[in-house]
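Have a look at this one:
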């Protein structure tokens, strides 16, 4: 396991160095596309917010909230807004049974039609990639089914 981590760190360092070498040529293009990051004060809390995923229509931000005053485990939350450039006005744990498992529920990715969510759970060192599918965008998220063959036990 240690060799894999050392390789990952070395590869990440090399890639970062390569991006710094290429950065002067790309700086004008990047500055034309990206704006200065701004904290989402309506989403951030005293807990840790992880792995944000903005829906393809720009109206829902899915993210993991770790711990906090009401939960000891990671759970998936959603923040909603009326327009893609407007402020998020509603932040809540996703509705449905998706979060009702032992351990952490983490790292959401939602399909372009907003009907399928892929995420993973972690309980007692056992990681399971899951998929949840709902019938309409207004329906709650059902508990996801494991994607067999992609389970991982932490060494």
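Numbering (the numbering used here), first residue to last: 41 to 195.
Cβ coordinates follow ideal geometry from the N, Cα and C atoms, glycine included.
Owing to the predicted nature of the structure, the values given are computational and were not obtained by experimental measurement.
The beta strand (DSSP E) with residue 177 in it runs from where to where?
-> Segment: none, residue 177 is in no beta strand (DSSP E) and carries neither H nor E.
Cα-Cα, which of 96, 180, 169, 104 is closest to residue 125?
-> 96
For residue 180 and residue 63, the rounded distance between their alpha carbons | Reliability fails at residue 63, whose pLDDT of 49 lies under 50, so the model's placement of it is uncertain and the value that follows must be treated cautiously. Between residue 63 and residue 180, the C-alpha separation is close to 44 Å.
At which residues does the beta strand (DSSP E) containing residue 103 begin and terminate?
-> In the DSSP assignment, residue 103 falls within the beta strand (DSSP E) that extends over 100-106.
Quick one: using the 10 Å Cβ neighbour count with 16 as the cut-off for buried, is residue 103 buried or exposed?
-> buried
Euclidean distance between Cα positions of residue 115 and residue 73 = 32 Å
What's the C-alpha gap between residue 183 and residue 119?
-> 20 Å
Residue 129 to residue 117 span [Cα, whole Å] | 13 Å
Anyone know if the C-beta pair for residue 89 and residue 127 falls short of 7 Å?
-> no
Between which two residues does the beta strand (DSSP E) harbouring residue 131 extend?
-> 130-133
How big is the Cα-Cα spacing for residue 91 and residue 188?
-> 23 Å
Completely contained beta strand (DSSP E) runs for the stretch 121-172, where each covers 3 or more residues = 130-133, 144-150, 156-163
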